[in-house]
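Asker: Read in numbering that gives the first Met the number 0, the sequence shown has 13 at position 14, and its numbers run on one by one without any break.
One structure is given below, represented as structure tokens, and several questions about it will come after.
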Amino acid sequence: MPKIISKETHDEILKLHFEEGLPFSEISKRVGVGRNKVAEICGDEEARRADQEMEEDKEKERKQSTQKIESEVFARLDNGENPIDLVKAGVCSVEAAEEFGKEYAKLKNMSRPEIEILEARMENASYALRHALGVGKIKICCPLCHGWAQLTLRKVDGSQRWVCGNCGGIPF
Ligand SMILES: [Zn+2]
């Protein structure tokens, strides 16, 4: 008994032959369907592919135009303009300006390792200073209570901190 294959498999085989570039008459012979039927199925396939290509082209265009707007928006924001300026100039919509503004701030923060370096230097300077003043028993003018006091070591939240002998706050 001959194997029965589904219509889908049948059409797939036909399309594969079509892809190989076989002429309709040859496909017709191999698959055992009339030439007109082959033309119909392959014609559908061709139309479907053309549709798909058109969709892909449109999608590509959409992406390119979004990228173009993005680069203009980012260049303007970097130039000191704010998102409201961009809406006023008609560069993008309010929603887009809001979204782009957020993205811009996020990226800007990511490219700021210099702030982390400064923070580390401040912390190092503070460490050196509070220990020198505390151990040396040098009075400081406390920035919290504005009184002159010595720094003393005290346990704050489970760790030893140099606090103001006058108000008990951590001056720096
Ligand atoms: Zn104080």
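For each residue, glycine too, the CB sits at the ideal point set by N, CA and C.
Across which residues does DSSP place Cys140 in a beta bridge pair?
Answerer: Counting from one through the sequence shown, the residue named residue 140 turns up at place 141. According to DSSP, which records beta bridges pairwise, Cys140 is partnered with Trp147.
Asker: Does DSSP classify Val72 as helix, strand or coil?
Answerer: Against the sequence shown, residue 72 aligns to sequence position 73. Note: Val72 maps to helix in three-state DSSP.
Asker: Comparing the CB of Cys91 with every heavy atom of ligand 1, is any distance shorter than 7 Å?
Answerer: As a working mapping, residue 91 is identified with position 92 in the sequence shown. Outside the cutoff, so no.
Asker: On the DSSP bridge assignment, give the partners of Lys154 in chain order.
Answerer: The sequence position of residue 154 within the sequence shown is 155, counting from 1. Answer is Gln159, bridged to Lys154.
Asker: At the level of alpha carbons, what is the spacing between Met121 and Arg153?
Answerer: Numbered from 1 along the sequence shown, position 122 holds the residue referred to as residue 121. Numbered from 1 along the sequence shown, position 154 holds the residue referred to as residue 153. Rounded to the nearest angstrom, the two C-alpha atoms are 22 Å apart.
Asker: For His130, count the other beta carbons within 10 Å of its own beta carbon; 16 or more makes it buried, fewer makes it exposed. Which is it?
Answerer: Taking the first residue of the sequence shown as position 1, residue 130 is located at position 131. Classification of His130: exposed, given that the 10 Å Cβ count is below 16.
Asker: Specify whether the segment 60-73 and the segment 91-106 touch according to this definition: at least 3 beta carbon pairs, one from each stretch, less than 8 Å apart.
Answerer: Because the criterion of three Cβ pairs below 8 Å is met, the segment 60-73 and the segment 91-106 touch.
Asker: Within 8 Å, do at least three Cβ pairs link the segment 30-50 to the segment 4-21?
Answerer: Short answer: they touch.
Asker: Taking all protein chains shown into account, decide if Leu76 is buried (16 or more other Cβ within 10 angstroms of its Cβ) or exposed.
Answerer: Looking up residue 76 in the sequence shown gives position 77. So Leu76 ends up on the buried side.
Asker: Relative to the alpha-carbon of Ile4, which residue among Glu19, Gly31 and Ile26 has its alpha-carbon at the smallest distance?
Answerer: Along the sequence shown, read from residue 1 onward, the residue named residue 4 stands at position 5. Of the candidates Glu19, Gly31 and Ile26, the one whose C-alpha sits nearest the C-alpha of Ile4 is Gly31.
Asker: Under 7 Å: does the beta carbon of Leu152 sit that close to some heavy atom of ligand 1?
Answerer: One-based indexing of the sequence shown puts residue 152 at position 153. Leu152 Cβ: outside cutoff for every heavy atom of ligand 1.
Asker: Below 8 Å, how does it come out for the segment 125-144 and the segment 163-170: are there three or more Cβ pairs, yes or no?
Answerer: With a cut-off of 8 Å, the segment 163-170 and the segment 125-144 count as touching, because enough Cβ pairs lie within range.
Asker: Which residues end up in the neighbourhood of ligand 1 when you take C-beta atoms closer than 7 Å to any of its heavy atoms?
Answerer: Residues flagged by the Cβ proximity filter: Cys141, Leu143, Cys144, Gly146, Ala148, Cys163, Asn165, Cys166, Gly168 and Pro170.
Asker: Return the first residue and the last residue of the alpha helix (DSSP H) that Ser27 is part of.
Answerer: Working through the sequence shown from its first residue, we reach residue 27 at position 28. Here the alpha helix (DSSP H) through Ser27 covers Phe23 to Val30.
Asker: Can you name the start and end residues of the alpha helix (DSSP H) that Ala95 belongs to?
Answerer: On the sequence shown, residue 95 is found 96 positions in, with the first residue counted as 1. Counting along the chain, the alpha helix (DSSP H) containing Ala95 begins and ends at Val93 to Met109.
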